[in-house]
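Numbering (the numbering used here), first residue to last: 167 to 991.
Virtual Cβ for every residue (Gly too), placed ideally from N, Cα, C.
Predicted, not measured: the structure shown is a model, and the values here were computed from it.
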């Protein structure tokens, strides 16, 4: 370690700002000077970025202590900073440039993303900046050029920001492969990840570092810096003992407005883009004078609109921004002094991440105010606070053997000058994702990019690489051009551009939503009521409408399932309530609901599985409460329905939510404990799942994205994307061909695995059934709906109501009947 110090150092720079570095930051600087690689884990808003960046600068200053000997030209590229979002890249560059400018260092800081201008790209082609902020996609694109090694081979460090956001995604696998290539060129390359709110730290660090023979264990620097987070809840005056999701809407609007008025700047988070549009319009209707001080921010809005809102947030001129997870990540909005969370966060890490958007600076308090949309969310808030205090935070599970990403990487390296198969195989196996890649699997993917695999060898368009003198190189320049336009793993939703007839782009809505509208229909988007004029070339042309209401678009993928950690914490709160312990404001408020549940049925504890049987006019009902999140509960419901009907043929309707599921049948579903144990066993689980869930059709849909990433289908040229229908038709045809003529195709196998592990969460389902096998079964017959079963019944009525009576009318009538039965207790 070099002990000499320059006259002007990082310590001096910090002192000038009256900043005192945290102990964890100094530990990270020391680890960097010692040549280590690893992961920095610290609360949001405590300076993670500077924990590495200032260490890099300090190390350079220590080795260049004589300012007179500094180079006159900017240093060549030393550091690559990978960030998961373009918005983060734009925000980060300013923070990185500040110390460089103040210390007058011969360093430059630049940015390279899909938004980078042609002029800036041309400038970077001549000379890369000393530190380059980029995304996984742009890094892969840089690696696709023949001069990539010359330009990036001397890198000293790679920083992966918000690693928890990439871990467990194909973008994370793409990052792993890119890092393996850079380490192959420079074995001494230091790699550092930055993360907050992550449970499986050691595994996350190992995935980032890879599995190189003889490599040191990754260094984990944890920031024990105390970050005060205040979590409080708006408590409704009247509590509904029979809550059902979706009907409360903005009932607590007045209390939310009062909270907003108490702060200078607020981020109001919702879980879906639809809720964002609804709450923004509600706020605007209640406070028209706020028109210039409140705004929308979600992923479907145009980039320019979002950039404008982000700029206003930084300036401190925005009273409130209604947003989704588009502002979850580490964009530094220092003026924001509170966060409001509408509805359950569904996860402890998500609540802490969002809370950290306020007080986003060392020493500041992060404040989050929770707003329930139904009674049981009060339990979830109390459970999340308790779990957060115990640091019971969810982990992210890494992806393994993503063959579509590997195929894309092979073509990327192939068009960058070619590769020798054995050498690239050794490189690929240093990644966590492909450390178990077999020789057979490697030969398959190699054959896939050369000939299209066994079933496509007769079609030249699927041949992208060819062996020449032992190296695999592209078959044509057309392959090179098309591949560079397709690099990336993000699976974008089927979307249609929304533009005004007279010009001006608003953003995107999903194709499936727009298909239900006709010209003249109105819908709400970007906080405005719009009239659809026409749809042409995947663009919806609209005009402003004078109407005050319209349909709110629904976007897929915006609903989060309850996490395992939060579900376990909820079960603990239920057990406390059963024992008469109500020690949180939220639990005291929801006490009438929980006591009624315990009186009419029972409150399950951590080691209980509650099963309620009931009789309705539609048939026999059974309600099962595993508390495993909507996705797992849906899979369990389908599994049970299949196993029941296999022995006793019957038509069974299933309805899931985060807590449990309902089975409805014309036949009796009242079984004894041995029968339930058999139905809930893990025996033949995989086979039964594949049989009962129409896994083939699910895999067909999943295959569309796999085919795109693997290069089997082309998404279209810039400005002229192909429609979802076109992509689905092309990929569906390939899926059928593979099923019939190439049953062992690894992409087919991957599609099935992704359906099971991602959509159906089969691993979590297996763990749930294993846990259930040792639990006490609480079998209860309930003559009427209970507080826990009522939301499941209401959800079924809303989605499958077939009479002329409105679903809401019937539900409200049922509430009155149940309230009358419950009386004043």
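So is residue 203 in contact with chain D if we call contact Cβ pairs under 9 Å?
No chain D is present in this structure, which holds just one protein chain.
Residue nearest to residue 674 in terms of C-alpha spacing, selected from 628, 472, 284 and 217:
Position 508 of the chain shown holds residue 674. That would be 472, whose Cα lies nearest to the Cα of residue 674.
With H, G and I counted as helix, E and B as strand and the rest as coil, what does DSSP make of residue 487?
One-based indexing of the chain shown puts residue 487 at position 321. In the structure shown, residue 487 sits in a strand (DSSP, three-state: E or B).
Cβ of residue 304 within 9 Å of Cβ of residue 335?
By 1-based counting over the chain shown, the position of residue 304 is 138. By 1-based counting over the chain shown, the position of residue 335 is 169. Contact: no.
Suppose contacts are defined by Cβ-Cβ distances below 9 Å. Is residue 786 in contact with residue 832 by that definition?
Working through the chain shown from its first residue, we reach residue 786 at position 620. Working through the chain shown from its first residue, we reach residue 832 at position 666. Yes, Cβ-Cβ distance for residue 786 and residue 832 is below 9 Å.
Buried/exposed call for residue 982, threshold 16 Cβ in 10 Å:
What you label residue 982 is simply residue 816 of the chain shown in a count that begins at 1. Flag for residue 982 reads exposed.
Work out the CA separation of residue 428 and residue 972 for me, nearest whole Å.
For the purposes of this step, residue 972 is taken as the residue at position 806 of the chain shown. For the purposes of this step, residue 428 is taken as the residue at position 262 of the chain shown. Those two C-alpha atoms are separated by around 40 Å.
Length of the line joining the Cα atoms of residue 687 and residue 311:
For the purposes of this step, residue 687 is taken as residue 521 along the chain shown, with counting starting at 1. For the purposes of this step, residue 311 is taken as residue 145 along the chain shown, with counting starting at 1. One C-alpha to the other measures close to 48 Å.
Measure the C-alpha to C-alpha separation of residue 847 and residue 839 and round it to an integer number of angstroms.
As a first step, residue 847 must be located in the chain shown, where it is residue number 681. As a first step, residue 839 must be located in the chain shown, where it is residue number 673. C-alpha separation (whole angstroms): 12 Å.
Closest by C-alpha distance to residue 242, when choosing among 456, 194, 323 and 251
Taking the first residue of the chain shown as 1, we reach residue 242 at position 76. Per the Cα distances, 323.
Within its chain, find whatever has a CB closer than 6 Å to the CB of residue 182; leave out the 5 residues flanking it on each side and keep chain order.
Here the question's residue 182 lines up with position 16 in the chain shown. Nothing listed; no residue qualifies.
Closer than 8 Å is the cut-off here; do at least three beta carbon pairs connect the stretch 553 to 571 with the stretch 433 to 450?
no
Could you tell me how far apart the beta carbons of residue 709 and residue 877 are, in whole angstroms, since I believe they sit closer than 8 Å?
By one-based count along the chain shown, residue 709 stands at place 543. By one-based count along the chain shown, residue 877 stands at place 711. No, residue 709 and residue 877 are not in contact; Cβ-Cβ is about 40 Å, not under 8 Å.
With respect to the alpha helix (DSSP H) encompassing residue 1023, which residues constitute its N-terminal and C-terminal limits?
Lying before the first or after the last residue shown, residue 1023 is absent from the chain, which here runs from 167 to 991.
Within a Cβ cutoff of 6 Å, which residues of the same chain sit near residue 729, ignoring the five residues on either side of it in sequence?
Along the chain shown, read from residue 1 onward, the residue named residue 729 stands at position 563. Within the same chain, residue 729 has close Cβ partners 513 and 560.
Using the Cβ count rule (16 or more neighbours within 10 Å means buried), how would you classify residue 766?
Here residue 766 refers to the residue found at position 600 when the chain shown is read from its first residue. By the neighbour-count rule (16 or more Cβ atoms within 10 Å), residue 766 is buried.
Cα-Cα, which of 337, 941 and 867 is closest to residue 599?
Numbered from 1 along the chain shown, position 433 holds the residue referred to as residue 599. That would be 337, whose Cα lies nearest to the Cα of residue 599.
Would you be able to state if there are at least three C-beta pairs under 8 Å between the stretch 915 to 929 and the stretch 611 to 622?
no
Three-way DSSP call (helix, strand, coil) for residue 896 in this model
Position 730 of the chain shown, counted from the first residue, corresponds to residue 896. DSSP places residue 896 in helix when its eight states are reduced to three.
Residue 188 bridges to which residues according to DSSP?
If you number the chain shown from 1, residue 188 lands on position 22. Residue 188 is not bridged to any residue.
Roughly how many whole angstroms lie between the Cα atoms of residue 441 and residue 978?
The residue given as residue 441 occupies position 275 in the chain shown. The residue given as residue 978 occupies position 812 in the chain shown. Using only the alpha carbons, I get a separation of about 23 Å.
Boundaries of the beta strand (DSSP E) in which residue 462 is found, first to last residue
In the chain shown, residue 462 corresponds to position 296, counting from 1. 460 to 463 is the span of the beta strand (DSSP E), which, as asked, contains residue 462.
According to DSSP, residue 707 sits in a beta bridge with which residue or residues?
Translated into the one-based positions of the chain shown, residue 707 becomes position 541. Paired residue(s): 665 and 700.
To test your reading of the DSSP string, which unbroken beta strand (DSSP E) runs of 3 or more residues are found completely within the stretch 183 to 263?
204 to 207 and 245 to 248
Environment of residue 739 [buried if 16+ CB atoms lie within 10 Å]:
Stepping through the chain shown from its first residue, residue 739 is reached at position 573. Per the 10 Å Cβ criterion, buried.
Can you tell me which residues form a DSSP beta bridge with residue 361?
In the chain shown, counting from the first residue as 1, residue 361 sits at position 195. Answer by DSSP bridge pairing, in chain order: 207.
Specify the secondary structure class of residue 778 as computed by DSSP and reduced to three states.
Numbered from 1 along the chain shown, position 612 holds the residue referred to as residue 778. Strand at residue 778.
Can you say whether residue 451 is buried or exposed, counting buried as having 16 or more other CB atoms within 10 angstroms of its CB?
Position 285 of the chain shown, counting from 1, holds the residue named residue 451. With fewer than 16 other Cβ atoms within 10 Å, it is exposed.
Which term fits residue 965, buried or exposed, when burial requires 16 or more other beta carbons within 10 angstroms of its beta carbon?
Reading the chain shown from its first residue, position 799 is the one you call residue 965. That one is exposed.
Kindly indicate which three-state DSSP category residue 311 falls into: helix, strand or coil?
As a first step, residue 311 is located in the chain shown; it is residue number 145 there, counting from the start. Here residue 311 sits in coil by DSSP.
Of the residues 669, 537 and 195, the one placed nearest residue 425, counting alpha carbons only:
For the purposes of this step, residue 425 is taken as residue 259 along the chain shown, with counting starting at 1. For the residues 669, 537 and 195, the minimum Cα distance to residue 425 belongs to 537.
Between residue 467 and residue 692, how many whole angstroms is the CB-CB distance? I'm expecting something under 8 Å.
As a first step, residue 467 is located in the chain shown; it is residue number 301 there, counting from the start. As a first step, residue 692 is located in the chain shown; it is residue number 526 there, counting from the start. Indeed they touch by this definition, with Cβ atoms about 6 Å apart.
Would residue 799 be called buried (16 or more neighbouring beta carbons within 10 Å of its own) or exposed?
If you number the chain shown from 1, residue 799 lands on position 633. Its Cβ being crowded by 16 or more others within 10 Å, residue 799 is buried.
Beta-carbon proximity of residue 985 to residue 797, cut-off 9 Å:
Counted from its first residue, the chain shown places residue 985 at position 819. Counted from its first residue, the chain shown places residue 797 at position 631. Going by C-beta atoms, residue 985 is not nearer than 9 Å to residue 797.
With DSSP collapsed to three states, give me the class of residue 267.
Position 101 of the chain shown, counted from the start, is the residue given in the question as residue 267. In this structure, residue 267 counts as helix in the three-state DSSP scheme.
My output table needs one value for residue 988: the three-state DSSP class, helix, strand or coil.
One-based indexing of the chain shown puts residue 988 at position 822. Note: residue 988 maps to helix in three-state DSSP.
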